[in-house]
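Each remark here refers to the structure printed beneath this line.
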Amino acid sequence: MTKLALNEWKYVIGIAILATLLMAYMFTDTLKYNFHIRLLPAVAVKWKPELNLKRFSYDVSDPRDARFYNIILEEEALKIKPCTDENLSASVKHTSLSFIEYKDQPYNIGDGITILVTMKDGYGKRIIFGGDHLRATIENKELQASAPCMVTDNMNGTHSVICEAFWSGMSSIIVVLAYPREIIATNYRIRTQVLATRNIYGLFKSRTYQEDMPCHPNHTHLIKNTNYTELCNLTYMNSGMPFYCGKPKNGHLLCQDWEKVRTHTPYPELQLSDCEDRLLKRGQRTLEHRLNVLVRNEDKTRLTIEKPSIPCSQYNITKLWQSRNATGFFYKGKWNFRNCLGFQQTNDANCLKDSRLYLIGDSTLRAWYTSIIKRFKCLPTTEKWQNEKWRKMAECLNKKLSFRAGWYPHAQPFFVGNDWDVVRYTLYSTSRRIDNIPPNERAIIVIQLFMHFVAFHHSVFKQRMEIIRPSIERLFLKNKKAIVMIKGPHTFTNTPAGNVRLSDYFGFVYSKIIYEVFDGLLDRIVLLNNKDTTIARHEKWNHPPDDIVNYMIDQMLDYACTN
Numbered sequence: 015m016t017k018l019a020l021n022e023w024k025y026v027i028g029i030a031i032l033a034t035l036l037m038a039y040m041f042t043d044t045l046k047y048n049f050h051i052r053l054l055p056a057v058a059v060k061w062k063p064e065l066n067l068k069r070f071s072y073d074v075s076d077p078r079d080a081r082f083y084n085i086i087l088e089e090e091a092l093k094i095k096p097c098t099d100e101n102l103s104a105s106v107k108h109t110s111l112s113f114i115e116y117k118d119q120p121y122n123i124g125d126g127i128t129i130l131v132t133m134k135d136g137y138g139k140r141i142i143f144g145g146d147h148l149r150a151t152i153e154n155k156e157l158q159a160s161a162p163c164m165v166t167d168n169m170n171g172t173h174s175v176i177c178e179a180f181w182s183g184m185s186s187i188i189v190v191l192a193y194p195r196e197i198i199a200t201n202y203r204i205r206t207q208v209l210a211t212r213n214i215y216g217l218f219k220s221r222t223y224q225e226d227m228p229c230h231p232n233h234t235h236l237i238k239n240t241n242y243t244e245l246c247n248l249t250y251m252n253s254g255m256p257f258y259c260g261k262p263k264n265g266h267l268l269c270q271d272w273e274k275v276r277t278h279t280p281y282p283e284l285q286l287s288d289c290e291d292r293l294l295k296r297g298q299r300t301l302e303h304r305l306n307v308l309v310r311n312e313d314k315t316r317l318t319i320e321k322p323s324i325p326c327s328q329y330n331i332t333k334l335w336q337s338r339n340a341t342g343f344f345y346k347g348k349w350n351f352r353n354c355l356g357f358q359q360t361n362d363a364n365c366l367k368d369s370r371l372y373l374i375g376d377s378t379l380r381a382w383y384t385s386i387i388k389r390f391k392c393l394p395t396t397e398k399w400q401n402e403k404w405r406k407m408a409e410c411l412n413k414k415l416s417f418r419a420g421w422y423p424h425a426q427p428f429f430v431g432n433d434w435d436v437v438r439y440t441l442y443s444t445s446r447r448i449d450n451i452p453p454n455e456r457a458i459i460v461i462q463l464f465m466h467f468v469a470f471h472h473s474v475f476k477q478r479m480e481i482i483r484p485s486i487e488r489l490f491l492k493n494k495k496a497i498v499m500i501k502g503p504h505t506f507t508n509t510p511a512g513n514v515r516l517s518d519y520f521g522f523v524y525s526k527i528i529y530e531v532f533d534g535l536l537d538r539i540v541l542l543n544n545k546d547t548t549i550a551r552h553e554k555w556n557h558p559p560d561d562i563v564n565y566m567i568d569q570m571l572d573y574a575c576t577n
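This note's numbering puts the last residue of the sequence shown at 577; the count rises by one with no breaks.
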């Protein structure tokens with residue numbers, strides 16, 4: 015054999031070995047995937063799908079992992095190619111659901127029901143990447159029963175769903191395609207391209223002179239997206255929360271002449287492709303395929319899972335930050351809490367005796383305040399509301415209990431609609447409010463920043479929370495009686511402003527930010543999960559209905575009432 019022929023044979027043998035190794039790797043990887051699918055336990059409520067975690071820094075059960083919140087991060091989303099063909103996006107018609115195990119057997123109350131969602135596009139082709147945002151529920155309409163399920167994106171075109179069997183009987187598992195990955199990318203992208211999805215304007219006025227200018231919580235973003243080179247730094251007036259407006263061009267007007275704010279319509283034009291526009295108009299949609307499950311009741315004396323026995327005063331609140339399990343379920347139209355035995359069972363207002371409730375946030379907490387006035391016969395001590403959308407702080411008093419409550423709007427940005435609104439009522443920041451709480455007061459503080467920040471890039475929300483944290487730390491040092499709670503974002507399918515301008519997807523993003531900012535204080539701050547009730551009921555609007563509001567208040571009182 016010649017030297018040339020020998021080299022040729024070496025080359026052929028080398029290629030053959032490489033091909034064999036590659037096929038073995040592919041076969042092993044496929045076998046590994048199928049092995050996991052077949053052997054996943056169907057009865058362990060805390061079961062988590064086994065994934066190829068080499069791609070991720072943390073396990074999905076770790077709150078530092080984006081999948082814990084059922085999101086993808088901005089840097090990952092912006093790598094997704096812009097939408098050009100909506101049929102390449104996830105399809106509610108072709109996407110399928112399948113049981114992972116025990117599909118021919120009835121479940122027992124308390125079991126975890128595990129299913130696999132296999133994503134397909136509009137052409138019926140299997141999707142092999144992650145990023146779509148799904149939500150799932152288990153429901154029985156006759157029993158007025160529903161609960162959210164835990165969804166995990168496996169990042170390979172499948173999603174694992176675990177639903178807990180809270181009640182007996184036949185129920186359906188329903189999955190909603192809330193946001194295809196292309197629209198998540200759009201939501202992230204447009205907040206880097208425009209000043210805001212809804213702009214806020216400031217009115218500067220002195221004598222007969224007036225001028226309105228665009229405003230923003232981030233001065234760099236304001237300069238980048240406008241032609242202004244000079245700005246008014248209104249942070250000091252906004253009691254320490256960053257806020258800037260374009261400097262009036264009229265020489266008779268100064269920055270201190272800022273008097274009012276409003277939101278102009280029509281809203282800013284967004285840079286959307288035709289494909290993106292069509293996907294956005296579809297909104298959140300339910301998958302056509304659903305699964306029915308039968309849950310048997312071995313104990314005929316009860317129809318639902320047992321109620322918790324531990325008082326909320328003894329519950330380890332750190333778990334509120336670390337669990338993905340449902341915090342409750344609807345049964346016969348009533349919301350039942352799962353973590354601990356709290357206020358809704360005792361309904362004793364005496365636990366609020368000699369205390370003061372601070373509701374600091376937006377109109378969602380204003381709805382809480384309205385409900386508390388009625389529930390606890392708390393008589394208003396501030397001026398009478400002139401309209402439903404009241405934007406001034408409001409306080410009430412129950413003399414018998416020596417209980418005070420108040421709603422306090424957070425500082426700017428505070429969107430108010432087309433009509434000009436006097437700004438001085440919304441310049442008292444959350445941090446300043448917390449700093450001024452007396453050291454010996456039994457204070458219950460509930461904080462929410464959500465709807466007025468979704469129009470901006472999520473870094474604005476993070477900055478606000480970072481400013482608020484030191485105030486909470488100072489409060490804990492001076493006031494040993496204070497209870498601090500953060501009201502987590504709720505969900506909705508639409509808003510009057512449109513589902514891209516005020517996308518509830520960012521509520522899940524904010525949840526991750528809240529965890530990161532307050533890490534180290536998780537054993538001192540109560541996290542109020544407000545999305546489980548709204549997911550379970552598929553609430554449409556960004557303002558939850560009265561009964562949901564009252565269930566949210568019940569949850570707050572579970573942890574506030576320690577006696």
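For glycine and all other residues, C-beta sits at the position ideal for the given N, C-alpha and C.
- Within the region 291-345, the runs of alpha helix (DSSP H) that reach at least 4 residues and sit entirely inside it are, in chain order, 333-336.
- The residues 127, 152, 163, 187, in chain order, have a CB closer than 6 angstroms to that of residue 177 in the same chain once the five nearest residues on each side in sequence are set aside.
- Residue pairing by DSSP places residue 394 opposite 410 in a beta bridge.
- The residue from 562, 316, 312, 242 with its alpha-carbon nearest to that of residue 382 is 562.
- Between the alpha carbons of residue 211 and residue 469 lies a gap of roughly 5 angstroms.
- For the set 229, 250, 249, the Cα lying nearest the Cα of residue 240 is the one of 229.
- Secondary structure at residue 251: coil, using DSSP grouped into helix, strand and coil.
- With a threshold of 16 other beta carbon atoms within 10 Å, residue 436 falls short and is exposed.
- For the pair residue 171 and residue 110, the Cα-to-Cα distance works out to about 11 angstroms.
- With respect to residue 543, residue 502 sits close: the two C-beta atoms are nearer than 8 angstroms.
- Checking the DSSP bridge columns, you'll see residue 186 partnered with 153, 306.
- Residue 193 counts as buried, since at least 16 other C-beta atoms from the protein chains shown sit within 10 angstroms of its C-beta.
- Sequence-distant Cβ neighbours of residue 540 in its own chain, meaning closer than 6 angstroms and more than five residues away, are 331, 499, 573.
- CA-CA distance, residue 473 to residue 426, rounds to 15 angstroms.
- Under the criterion of beta carbons closer than 8 angstroms, residue 569 and residue 351 qualify as touching, at roughly 7 angstroms.
- Assignment of alpha helix (DSSP H) within the region 77-102, counting only whole runs of 4 or more residues, yields 88-91 in chain order.
- Assignment of residue 484 by DSSP, reduced to helix, strand and coil, places it in the helix class.
- For the 8 angstroms CB-CB criterion, residue 132 and residue 112 form a contact.
- DSSP lists 423 as the beta-bridge partner residues of residue 375.
- In the displayed model, residue 527 falls within a helix according to three-state DSSP.
- Of all alpha-carbon atoms in 344, 363, 402, 423, the one lying nearest the alpha-carbon of residue 548 is that of 344.
- With contacts defined as CB atoms closer than 8 angstroms, residue 154 and residue 124 fail to qualify as a contacting pair.
- Distance check between residue 273 and each of 546, 532, 439, 480 places 439 closest, using alpha-carbon atoms only.
- Residue 131 is bridged by DSSP to 111, 173.
- For residue 234, the enclosing alpha helix (DSSP H) begins and ends at 233-238.
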